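Visitor:
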Amino acid sequence: MDKRQLISNIKQNFMLKRVRAQEESENYINSLRKNEEFNKLYTEYSHVKFEYLKTSYEEENIALKHDMQDLQLKINQYLDKNGYDKTKMTPQYECKICNDTGVVGGRICSCLMKELNKTLSIKSSSISKFKSFKDVDISLMNDVDHKALEILKTWCDKYPNVSKININIMGASGSGKTFLMECMANELVTSGQVVTFKTAFEINELARLYHMGKSYEFSDILKTDILFIDDLGTEPIIKNITKEYLYNLINVRQMNNLPTIISTNLSEDDILSRYDERIFSRLANKNLSINLLLTSQDKRIIKKTK
Ligand SMILES: [Zn+2]
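Taking my numbering, the leading residue of the sequence shown gets 10, the next gets one more, and so forth.
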């Protein structure tokens with residue numbers, strides 16, 4: 010099943026959830042209407058509500074609203090007295106934020122985002138908190154980092170119409186590299202891309218397992234739409250594996266025009282000496298790569314809203 014199909018399925022499921030919740034409350038009301046007392050109250054309530062929605066005279070409006078509240082109260086009293094569950098009178102949506110529409114204030118609701126993440130992204134190690142670019146406190150960013158942020162945002166907006174398919178985000182630890190990558194990943198997942206987010210350590214481990222014939226997940230990483238490699242350089246170098254598989258990974262993805270986004274504490278010189286010239290030349294290829302160096306050490310760029 011392709012991505013578009015998956016997304017349309019998810020949206021359809023949301024619609025079905027809504028319809029189901031509405032049907033359940035309607036059915037509940039219909040079953041209650043078999044009671045004469047309830048039926049009388051509810052018929053009157055429906056009538057007043059209809060008048061209320063129809064009228065445009067403010068005075069009449071206030072009076073009708075008052076009647077409505079009055080009847081609502083009587084209905085609730087009736088339900089309480091007879092042991093009925095009054096919450097079932099209104100549709101019980103799963104998500105109380107968006108009422109299962111998946112949208113809130115023109116933006117994707119976290120419930121839909123979660124569903125998209127779950128379905129579209131291959132297991133990712135650390136994207137679970139749904140970080141987004143709007144969580145970045147720009148006022149605390151220096152000019153260099155702010156420019157880097159704008160470049161990354163633009164890249165996400167333009168994808169797949171991008172000419173540079175490698176992004177190397179460099180900078181000391183604590184400069185917000187991982188955070189910015191997570192923002193990108195979520196932005197891309199939201200727009201329906203298949204994203205894989207792994208630490209270099211995890212990729213190294215998958216390469217080792219692949220090499221030993223114990224797991225073939227490494228081949229999924231070769232093919233994923235957009236690959237994020239967090240913290241390149243923190244993985245141990247395993248002889249015949251780390252450098253070889255990393256080279257293959259980057260090379261195969263470049264040949265297939267698939268973006269790879271890397272964060273690292275290493276400088277260009279460090280990359281050259283830790284890995285080898287072949288890996289370095291692919292990562293540093295100016296025609297295919299965007300190289301960004303974050304210079305801030307201020308972790309506060311992440312708004313403490315979540
Ligand atoms: Zn929601």
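All C-beta atoms, glycine included, are put in the ideal place defined by N, C-alpha and C.
Predicted model only: the values in this text are computed from it and were never measured.
Around the Cβ of Leu-25, are there at least 16 other Cβ atoms within 10 angstroms (buried) or fewer (exposed)?
Guide: Residue mapping note: residue 25 aligns to position 16 of the sequence shown, counting from 1. Counting the other CB atoms within 10 Å of its CB gives Leu-25 a total below 16, which places it among the exposed residues.
Visitor: Under 7 Å Cβ to Cβ from Lys-295, same chain only, skipping five residues before and after it: list those, please.
Guide: Translated into positions along the sequence shown, residue 295 becomes position 286. Here the set comprises nothing.
Visitor: Taking just the CA atoms, how far does Ala-209 sit from Arg-217?
Guide: Against the sequence shown, residue 217 aligns to sequence position 208. Against the sequence shown, residue 209 aligns to sequence position 200. Roughly 12 Å between the two C-alpha positions.
Visitor: Between the Cα of Val-57 and the Cα atoms of Glu-159, Lys-74, Leu-88 and Leu-303, which residue gives the shortest distance?
Guide: Taking the first residue of the sequence shown as 1, we reach residue 57 at position 48. Closest in alpha carbon position to Val-57, among Glu-159, Lys-74, Leu-88 and Leu-303, is Lys-74.
Visitor: Rounding to the nearest angstrom, what Cα-Cα distance links Asp-109 and Asn-22 in this structure?
Guide: As a working mapping, residue 109 is identified with position 100 in the sequence shown. As a working mapping, residue 22 is identified with position 13 in the sequence shown. Whole-angstrom Cα-Cα distance: 10 Å.
Visitor: Tell me which residues share the same chain as Asn-85 and place their Cβ nearer than 8 Å to its Cβ, disregarding the 5 neighbours each side in the sequence.
Guide: What you label residue 85 is simply residue 76 of the sequence shown in a count that begins at 1. So the qualifying residues of the chain are Lys-95.
Visitor: Please state whether the Cβ-Cβ distance between Ile-235 and Val-204 is less than 7 Å.
Guide: Within the sequence shown, numbered from 1, the residue matching residue 235 stands at position 226. Within the sequence shown, numbered from 1, the residue matching residue 204 stands at position 195. Yes.
Visitor: Where does Pro-245 land, buried or exposed, given buried means 16+ other C-beta within 10 angstroms?
Guide: As a position in the sequence shown, residue 245 is number 236, starting the count at 1. Burial call: exposed.
Visitor: Indicate the three-state DSSP secondary structure (helix, strand or coil) for Ser-134 in the structure shown.
Guide: Position 125 of the sequence shown, counted from the first residue, corresponds to residue 134. Residue confidence is low: Ser-134 scores 44 on pLDDT, short of 50, so the model does not pin down where it sits. No coordinate-derived value is stated.
Visitor: Quick check on the contact list: which residues have their beta carbon closer than 5 Å to a heavy atom of ligand 1?
Guide: Ordered by chain, the residues meeting the criterion of a beta-carbon within less than 5 Å of a non-hydrogen atom of ligand 1 are Cys-104, Ile-106, Cys-107, Cys-118 and Cys-120.
Visitor: Going by DSSP, name the residue or residues bridged to Leu-302.
Guide: As a working note, residue 302 is residue 293 in the sequence shown. Answer by DSSP bridge pairing, in chain order: Met-179.
Visitor: From what residue to what residue does the beta strand (DSSP E) around Ile-235 run?
Guide: Taking the sequence shown and counting its residues from 1, the one referred to as residue 235 is at position 226. Where Ile-235 is concerned, the enclosing beta strand (DSSP E) stretches over 235-241.
Visitor: Counting beta carbon pairs with one atom in the region 155-171 and one in the region 251-261, are three or more of them shorter than 8 Å?
Guide: no
Visitor: For Glu-277, tell me which candidate among Asn-300, Thr-199 and Lys-156 has the shortest Cα-Cα distance.
Guide: On the sequence shown, position 268 is the one that residue 277 refers to. It is Asn-300 whose Cα lies nearest to the Cα of Glu-277.
Visitor: For Gly-185, is the classification buried or exposed, using 16 other Cβ atoms within 10 angstroms of its Cβ as the cut-off for buried?
Guide: Position 176 of the sequence shown, counting from 1, holds the residue named residue 185. So Gly-185 ends up on the buried side.
Visitor: Helix, strand or coil: how does DSSP classify Val-404 here?
Guide: One cannot answer for residue 404 here, as it falls past the ends of the chain, which runs 10 to 315.
Visitor: When the Cβ atoms of the region 97-111 are set against those of the region 57-67, are three or more pairs found closer than 8 Å?
Guide: no
Visitor: Is Val-113 near Cys-120, with beta carbons less than 7 Å apart?
Guide: As a working note, residue 113 is residue 104 in the sequence shown. As a working note, residue 120 is residue 111 in the sequence shown. The answer is no: Cβ separation not under 7 Å.
Visitor: Kindly indicate which three-state DSSP category Val-171 falls into: helix, strand or coil?
Guide: Locating residue 171 in the sequence shown gives position 162, counting from the first residue. Three-state result, Val-171: coil.
Visitor: Give me the DSSP bridge partner(s) of Lys-207.
Guide: The residue you call residue 207 lines up with position 198 of the sequence shown. In the DSSP output, where bridge partners are listed per residue, Lys-207 has Ile-238.
Visitor: According to DSSP, which residues form a beta bridge with Met-113?
Guide: Within the sequence shown, residue 113 is the residue found at index 104, counting from 1. At residue 113 the sequence reads Val, which differs from the Met that was named. The partner list for Val-113 (beta bridge, DSSP) reads Arg-116.
Visitor: Please report the straight-line C-alpha distance between Lys-132 and Glu-211, rounded to a whole angstrom.
Guide: Stepping through the sequence shown from its first residue, residue 132 is reached at position 123. Stepping through the sequence shown from its first residue, residue 211 is reached at position 202. Below a pLDDT of 50, predicted positions are generally treated as unreliable, and Lys-132, at 45, falls in that range; the measurement from the model is reported next regardless. Distance between the alpha carbons of Lys-132 and Glu-211: 12 Å.
Visitor: Quick check on Leu-15: does DSSP put it in helix, strand or coil?
Guide: Within the sequence shown, the letter at position 6 stands for residue 15. Leu-15: helix per DSSP, three-state reduction.
Visitor: Please report the straight-line C-alpha distance between Gln-263 and Asn-170, rounded to a whole angstrom.
Guide: Within the sequence shown, residue 263 is the residue found at index 254, counting from 1. Within the sequence shown, residue 170 is the residue found at index 161, counting from 1. Those two C-alpha atoms are separated by around 15 Å.
Visitor: Can you say whether Val-28 is buried or exposed, counting buried as having 16 or more other CB atoms within 10 angstroms of its CB?
Guide: As a first step, residue 28 is located in the sequence shown; it is residue number 19 there, counting from the start. Per the 10 Å Cβ criterion, exposed.
Visitor: Closest to Thr-187 by CA distance: which of Asp-240, Thr-269 and Glu-103 is it?
Guide: On the sequence shown, position 178 is the one that residue 187 refers to. Residue Asp-240 is the option with its Cα nearest to Thr-187.
Visitor: How long is the line joining the alpha carbons of Thr-251 and Lys-105, rounded to whole angstroms?
Guide: The residue given as residue 251 occupies position 242 in the sequence shown. The residue given as residue 105 occupies position 96 in the sequence shown. When rounded, the distance between both Cα atoms is 47 Å.
Visitor: Since Ile-270 contacts Phe-237 with CB under 8 Å, what's their CB separation in whole angstroms?
Guide: For this step, residue 270 is matched to residue 261 along the sequence shown. For this step, residue 237 is matched to residue 228 along the sequence shown. Correct: roughly 5 Å between the Cβ atoms.
Visitor: Against chain B, with Cβ distances strictly below 7 Å, would Asp-166 count as a contact?
Guide: Protein chains in the displayed structure number just one, and chain B is not present.
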